[in-house]
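So for the sequence shown, our numbering puts the first residue at 2; every next one is plus one. Note that beta-carbon positions come from the ideal geometry of N, C-alpha and C, so glycine has one too. Report on one structure; see the data block that follows.
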Amino acid sequence: MAAKKLRRARLSQELCERLSRHQITTCQDFLCLSLLDLMKVTGQSYGNVQKLLCKVSLACAPKMQTAYEMKVRRAVNPSSAFLSTSLHGLDKVLHGGVPCGSLTEVEWLSDVDRL
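Below is the structure:
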């Protein structure tokens, strides 16, 4: 999220251009500077720079969600949390299927059926 461009943080066009002249184009670039450096680069007062810091911080922070919200969302739409293998026994052992967003490899030895 820190790689988010400052233009997407809803800063004014003039301010974005001023910052880009100093190679400050991402939220990370902006947030890594001290208040004094930001005051020099933006030409803004201490209070305005603090407001800008809050605005940029909120723009690049992920949306907060509680564990309860995640549990409710999963209960409403269980298919979004797991990908069914279409094998009932395997899905039961995996507690619903293969977790979405994970990399899983299922392998079977070819020599087993030759025994």
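- With a threshold of 16 other beta carbon atoms within 10 Å, threonine 27 meets it and is buried.
- Taking every protein chain shown into account, the CB of alanine 10 has 16 or more other CB atoms within 10 angstroms, so this residue is buried.
- Assignment of threonine 27 by DSSP, reduced to helix, strand and coil, places it in the strand class.
- When only Cα atoms are considered, glycine 44 and glycine 97 end up about 56 Å apart.
- Three or more Cβ pairs drawn from the stretch 4-20 and the stretch 47-58 lie within less than 8 Å of each other, which places the two stretches in contact.
- Counting every other CB atom within 10 Å of its CB across the protein chains shown gives cysteine 101 a total below 16, marking it as exposed.
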